[in-house]
Amino acid sequence: MNQDQLKQAVAQAAVDYILPHLERNSVIGVGTGSTANYFIDALARHTFDFDGAVASSEATAQRLKDHGIAVYDLNSVGELEFYVDGADEANDRLELIKGGGAALTREKIVAAVAKTFVCIADASKRVPVLGGFPLPVEVIPMARSHVARQLVRLGGDPVYRQGVVTDNGNVILDVHNLHITDAAKLEADINAIVGVVTNGLFAARPADVLLLGTATGVQILK
Ligand code: 5RP
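The sequence shown begins at 0 in numbering that gives the first Met the number 0 and counts up one residue at a time.
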């Protein structure tokens, strides 16, 4: 199986995982990226089993609507049973790097609200130590240089993601050459820099379940 087929397999596995728990009034948090897109496509076959979704990006909102799935503002939803999203890296503690698609802030907000965060990823995303994938940091535009200098002090090599503006009107710095052994501390340290909106480490709120697509089938890691 190639990487796309593995992504499709975990997307279907996520639908199978959450479906027995859904009720007609359930609202599902939905992430962003190619794996999340496969999830949306698979979920669309079950529109009568739930009410709608909260989207972690404008792109996801559009894809959900294209499938006829109702999209709700997070503020109008009391509770989310599940958040389903991909990742750029995942370690054995189910701590993640996310934000390759620049949607990290909304992803983190929806994940914070959900009772269960189901992460879906192909096997290439599983790593012993986070940091091989450059860590995305969403930054208020006027603070870009200031934040970049502070990130260098923390040991990283930030690179401005040219031409990208987030759904929130901000910019992204991708921090290279980090070897992240204490993800929760680094997440907090970066978030404490003035001008940072959020960073792509999901350690304070890691995934609860990782559905990992491998050549021999989908593994469920908790
Ligand atoms: C978007 C994300 C994605 O979940 C992450 O980049 C993985 O993407 P893909 O499923 O396309 O490999 O965090 O901001």
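A virtual CB, placed ideally from N, CA and C, is assigned to each residue, including glycine.
Closer than 7 Å: residue i CB and nearest the ligand 5RP heavy atom
i	result
Thr165	no
Ser33	yes
Gly30	yes
Gly51	no
Asp3	no
Lys97	yes
Ala86	yes
Ala102	yes
Glu22	no
Glu106	yes
Proximity below 8 Å, CB of residue i to CB of residue j
i	j	result
Cys118	Leu93	yes
Arg105	Asp166	yes
Leu21	Phe38	no
Ile139	Gly216	no
Val26	Tyr82	no
Ile108	Leu73	yes
Ser144	Ala102	no
Asn53	Val14	Per the sequence presented here, residue 53 reads as Val, with Asn not at that position. No. Outside cutoff.
Glu137	Val174	no
Ala206	Glu186	no
Leu5	His45	no
Residue span of the alpha helix (DSSP H) that contains residue i, given as start and end
i	result
Leu38	At residue 38 the sequence reads Phe, which differs from the Leu that was named. Per DSSP, Phe38 belongs to the alpha helix (DSSP H) from 33–42.
Ala187	182–190
Leu150	143–152
Thr59	57–65
Rounded Cβ spacing between residue i and residue j (contact assumed at less than 8 Å)
i	j	result
Gly99	Thr34	The Cβ separation is near 11 Å, so there is no contact.
Asn176	Gly155	6 Å
Ala120	Leu211	6 Å
Leu172	Ala147	6 Å
Arg125	Ala182	That belief does not hold up - the Cβ atoms of Arg125 and Ala182 are roughly 15 Å apart, past 8 Å.
Val128	Ile179	6 Å
Terminal residues of the beta strand (DSSP E) in which residue i lies
i	result
Asn167	From DSSP, Asn167 is part of no beta strand (DSSP E); its letter is neither H nor E.
Ile119	113–121
Val195	195–198
Gln218	216–220
Ala222	Because residue 222 is not part of the residues shown, which for the chain are 0 to 221, the question remains open.
Gly85	Here Gly85 belongs to no beta strand (DSSP E), and DSSP marks it neither H nor E.
Asp156	156–159
Gly100	Where Gly100 is concerned, there is no enclosing beta strand (DSSP E), given that its DSSP letter is neither H nor E.
Segment contact flag, the region 63–74 with the region 123–134, C-beta cutoff 8 Å, min 3 pairs: no
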